[in-house]
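To convert, count from 1 in the sequence shown and add 2; that's my numbering.
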Amino acid sequence: MPRRTAATLATSGEVLRLIRTGEAVTRADLGRVTGLSRPAVQLRVGELLERGLVVERADAPSTGGRPPVRLEFNASGGVVLVAALGASRTRVAVCDLAGRELEGRDFAIDVEQGPDVVLPLVMDTWDELLGDRPRSLLRGVGMGVPATVEFAQGRTESARVMASWTGVVIPPLVHERFPVPVLIDNDVNLLAIGEHRGAYPELGDLMFVKVSTRIGAGVIAGGEILRGALGAAGEIGHIPVRDGGGVLCRCGNTDCVDSVASGTALLRDLRAAGKDVKTIADVTRLVRAGDAETMAIVREAGRQIGEVLAVAVNILNPSVVVLGGDVAEAFGPLVSSIREVVYRRSTALATRRLRIEPSRLGAGAGISGCAVMILDHVLSPDAVDESMITRLKISS
Ligand SMILES: [Zn+2]
3 MPRRTAATLA
13 TSGEVLRLIR
23 TGEAVTRADL
33 GRVTGLSRPA
43 VQLRVGELLE
53 RGLVVERADA
63 PSTGGRPPVR
73 LEFNASGGVV
83 LVAALGASRT
93 RVAVCDLAGR
103 ELEGRDFAID
113 VEQGPDVVLP
123 LVMDTWDELL
133 GDRPRSLLRG
143 VGMGVPATVE
153 FAQGRTESAR
163 VMASWTGVVI
173 PPLVHERFPV
183 PVLIDNDVNL
193 LAIGEHRGAY
203 PELGDLMFVK
213 VSTRIGAGVI
223 AGGEILRGAL
233 GAAGEIGHIP
243 VRDGGGVLCR
253 CGNTDCVDSV
263 ASGTALLRDL
273 RAAGKDVKTI
283 ADVTRLVRAG
293 DAETMAIVRE
303 AGRQIGEVLA
313 VAVNILNPSV
323 VVLGGDVAEA
333 FGPLVSSIRE
343 VVYRRSTALA
353 TRRLRIEPSR
363 LGAGAGISGC
373 AVMILDHVLS
383 PDAVDESMIT
393 RLKISS
């Protein structure tokens, strides 16, 4: 970052960023890093202290002289509301400003019941979880949904996945009750964000692949989630495989990897082969028992997912591909055939340092991804400065 000059004086939001990242932890540090005068540093720190975003800590006295007062980001200075909506299960939580979950609850609900049923339930649960906390602590809302989202609008897109939600613009519905910034993204992007920040913060390029009822991916490129022009980046589920056998996909095309290798496809193929399988857990049982026919079908699905991932690896050159979702977590043979094909079919340079790893955070990555998304937004220098101006207008 270029050193700031008098023409681009560091704002309060920028000062908060420096304190939050630990780049500057005393008033003297802030003066040095920003080039601001002492009174200017004092003014900005005063604003942040007053808003509860920063606290002062006196260090233990050192030998000689008064110890400098340390400035720390105050994670207890506010809360964000988060919700990870799944096809059949939803987790709702209240997190502090460091993204730590303070209260949380899981419930089973069919997301296809639609926004009129699901959203009020989610919002009532937030209210209950907030309890006695003053609503003035509330800084933002982050939500993940199992559908493609036109990110800037918070509009759900994919008609065949969450049919009853198609075209619904979610943020205003939430904002009516919780008047703070509201961001919505698709569930796999949020898993990628959560896994990246929680397990691989040092890496810039990561691809999270969820193999579950459906197949999808979230891409972190250069440290940021890659959303594409409207928010559809990473939708690898509807890339066709070469030899799928003409299976019609719910998107209307044929031989999408989702239609030939997802958990849903595995169950269908195993039933067609005469196996008594109702759930993924039944398939897991057969895999563990080493049933030859099941293993062959699972390996073939892994190969087809691997073919698609090899293309994605060639385009994106990630440092790590994280495999998550209940199918990837349960099936060793699937993961090993994915690995084999990706290493064989991607270019040498793209795979020289490529790691293919199981998810470290599991399903918990979804909630932490929601928290990271909204916190990065509401604690960004621009958003902090904006809210300072709003407060001044209100109080004057
Ligand atoms: Zn498709």
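Idealized CB from N, CA, C, for every residue including glycine.
Predicted model, so just to flag it, every value in this text is computed and none were measured.
Next item on the list: Classify Ser-398 as buried or exposed, calling it buried when 16 or more other Cβ atoms lie within 10 Å of its own Cβ.
Entry: Here residue 398 refers to the residue found at position 396 when the sequence shown is read from its first residue. For Ser-398, the predicted structure reports a pLDDT of 47, less than 50, and the residue's modelled location is therefore unreliable. The matter cannot be settled from this model.
Check: Going by beta carbon distance, what residues of the same chain come within less than 7 Å of Leu-377, once the five residues before and after it are set aside?
Finding: Locating residue 377 in the sequence shown gives position 375, counting from the first residue. Val-82, Leu-99, Gly-101.
Checklist line | Buried versus exposed call for Arg-46 [16 or more other C-beta atoms within 10 Å across all chains shown] | finding: As a working mapping, residue 46 is identified with position 44 in the sequence shown. Result: buried.
Margin query: If you follow the beta strand (DSSP E) that Leu-356 is in, where does it begin and where does it stop?
Written below: Position 354 of the sequence shown, counted from the first residue, corresponds to residue 356. Careful: Leu-356 lies outside any beta strand (DSSP E) and carries neither H nor E.
Margin query: Using a Cβ distance threshold of 8 Å, determine whether the stretch 347 to 363 contacts the stretch 235 to 251, with at least three qualifying pairs required.
Written below: no
Notebook entry, point to check: For Cys-258, which three-state DSSP category applies?
Noted result: The residue labelled residue 258 in the question sits at position 256 within the sequence shown. In the structure shown, Cys-258 sits in a strand (DSSP, three-state: E or B).
Notebook entry, point to check: Apart from the five residues just before and just after Ala-165, which ones in its own chain have a Cβ nearer than 8 Å to its Cβ?
Noted result: Numbered from its first residue, the sequence shown carries residue 165 at position 163. Counting only Cβ-Cβ distances below 8 Å, and skipping sequence neighbours, we find Glu-114.
Margin query: Quick check on Ile-299: buried or exposed, where buried means 16 or more other Cβ atoms within 10 Å of its Cβ?
Written below: Mapped onto the sequence shown, residue 299 falls at position 297. Classification for Ile-299: buried.
Next item on the list: Counting only the same chain and skipping the five closest in sequence on each side, list residues whose C-beta sits under 6 Å from that of His-198.
Entry: For the purposes of this step, residue 198 is taken as the residue at position 196 of the sequence shown. These residues qualify, in order along the chain: Leu-208, Ile-222.
Checklist line | C-beta contact flag for Asn-316 and Ser-339 at 8 Å | finding: Locating residue 316 in the sequence shown gives position 314, where the first residue counts as 1. Locating residue 339 in the sequence shown gives position 337, where the first residue counts as 1. Not a contact, by the Cβ cut-off of 8 Å.
Check: Taking Cβ positions, are Val-279 and Ala-312 nearer each other than 8 Å?
Finding: If you number the sequence shown from 1, residue 279 lands on position 277. If you number the sequence shown from 1, residue 312 lands on position 310. Not closer than 8 Å, so no.
Note to self: Measuring CB atoms only, is the stretch 88 to 97 touching the stretch 49 to 63, in the sense that at least three cross pairs come out at less than 8 Å?
What the structure shows: no
Item checked: Separation of His-379 from Gly-246, as counted between CA atoms -> Within the sequence shown, residue 246 is the residue found at index 244, counting from 1. Within the sequence shown, residue 379 is the residue found at index 377, counting from 1. One C-alpha to the other measures close to 42 Å.
Note to self: Taking 8 Å as the cut-off, does the stretch 292 to 307 touch the stretch 366 to 373 (at least 3 CB pairs, one atom from each stretch)?
What the structure shows: no
Next item on the list: Would you mind working out which of Ala-332, Leu-87, Ala-110, Arg-179 sits nearest Ala-291, comparing C-alpha positions?
Entry: Working through the sequence shown from its first residue, we reach residue 291 at position 289. Comparing Cα-Cα distances from Ala-291 to each of Ala-332, Leu-87, Ala-110, Arg-179, the minimum goes to Ala-332.
Notebook entry, point to check: When every heavy atom of ligand 1 is checked, does at least one fall within less than 7 Å of the C-beta of Ser-214?
Noted result: The residue you call residue 214 lines up with position 212 of the sequence shown. No, Cβ of Ser-214 sits at least 7 Å from all heavy atoms of ligand 1.
Check: For Val-176, which option in Asp-257, Arg-157, Ala-194 has the closest C-alpha, if you only look at C-alpha atoms?
Finding: In the sequence shown, residue 176 corresponds to position 174, counting from 1. With distances taken between Cα atoms, Val-176 lies closest to Arg-157.
Check: So, is Phe-109 buried or exposed, given that buried needs 16 or more other C-beta atoms within 10 angstroms?
Finding: For the purposes of this step, residue 109 is identified with residue 107 of the sequence shown, where counting begins at 1. By the neighbour-count rule (16 or more Cβ atoms within 10 Å), Phe-109 is not buried but exposed.
Item checked: Inter-residue spacing [alpha-carbon to alpha-carbon] between Leu-257 and Arg-346 -> As a working note, residue 257 is residue 255 in the sequence shown. As a working note, residue 346 is residue 344 in the sequence shown. Reading off the sequence, residue 257 comes out as Asp, not Leu. If I take the Cα positions, the gap works out to 22 Å.
Notebook entry, point to check: His-240: beta carbon under 7 Å from a heavy atom of ligand 1?
Noted result: Locating residue 240 in the sequence shown gives position 238, where the first residue counts as 1. Under cutoff, so the answer is yes.
Next item on the list: Kindly examine ligand 1 and report whether one of its heavy atoms sits closer than 7 Å to the Cβ of Cys-251.
Entry: Position 249 of the sequence shown, counted from the start, is the residue given in the question as residue 251. Yes, the beta carbon of Cys-251 sits closer than 7 Å to at least one heavy atom of ligand 1.
Notebook entry, point to check: Does the beta-carbon of Ser-78 have 16 or more other beta-carbons within 10 angstroms, so that it is buried, or is it exposed?
Noted result: Position 76 of the sequence shown holds residue 78. Per the 10 Å Cβ criterion, exposed.
Notebook entry, point to check: For ligand 1, any of its heavy atoms closer than 7 Å to the Cβ of Ser-261?
Noted result: As a first step, residue 261 must be located in the sequence shown, where it is residue number 259. Yes, Cβ of Ser-261 sits closer than 7 Å to a heavy atom of ligand 1.
Note to self: If distances are taken between C-alpha atoms only, which option among Val-329, Pro-183, Leu-325, Asp-328 comes closest to Val-386?
What the structure shows: Against the sequence shown, residue 386 aligns to sequence position 384. Val-386 has its Cα closest to that of Pro-183, out of Val-329, Pro-183, Leu-325, Asp-328.
Margin query: Quick check: the Cα distance between Glu-152 and Arg-135, rounded to an integer number of angstroms?
Written below: Start at 1 with the first residue of the sequence shown, and residue 152 comes out as number 150. Start at 1 with the first residue of the sequence shown, and residue 135 comes out as number 133. Near 32 Å, if we compare the C-alpha coordinates of Arg-135 and Glu-152.
Notebook entry, point to check: Applying the criterion that 16 or more other CB atoms from any shown protein chain within 10 Å of the CB defines a buried residue, is Pro-148 buried or exposed?
Noted result: For this step, residue 148 is matched to residue 146 along the sequence shown. Answer is buried; the Cβ neighbour count reaches 16.
Check: Taking all protein chains shown into account, do 16 or more other C-beta atoms lie within 10 angstroms of the C-beta of Ser-138, making it buried, or fewer, making it exposed?
Finding: Reading the sequence shown from its first residue, position 136 is the one you call residue 138. By the 10 Å Cβ count, Ser-138 comes out exposed.
Item checked: Reduced DSSP secondary structure (H/G/I, E/B, other) of Leu-363 -> By 1-based counting over the sequence shown, the position of residue 363 is 361. Three-state DSSP puts Leu-363 in coil, outside helix and strand.
Check: If you draw a straight line from the C-alpha of Ala-26 to the C-alpha of Leu-381, how long is it?
Finding: Locating residue 26 in the sequence shown gives position 24, counting from the first residue. Locating residue 381 in the sequence shown gives position 379, counting from the first residue. Cα to Cα, Ala-26 sits roughly 16 Å from Leu-381.
Margin query: Please determine whether the Cβ atom of Cys-97 lies at a distance below 7 Å from any heavy atom of ligand 3.
Written below: Looking at this structure, you won't find ligand 3 anywhere; what it does contain is ligand 1.
Next item on the list: Answer yes or no: the CB of Asn-255 versus the heavy atoms of ligand 1, is any distance below 7 Å?
Entry: On the sequence shown, position 253 is the one that residue 255 refers to. Yes, Cβ of Asn-255 sits closer than 7 Å to a heavy atom of ligand 1.
Next item on the list: Starting from Glu-74, follow the beta strand (DSSP E) in both directions and report where the run begins and ends.
Entry: Counting from one through the sequence shown, the residue named residue 74 turns up at place 72. Start and end: 71 to 75.
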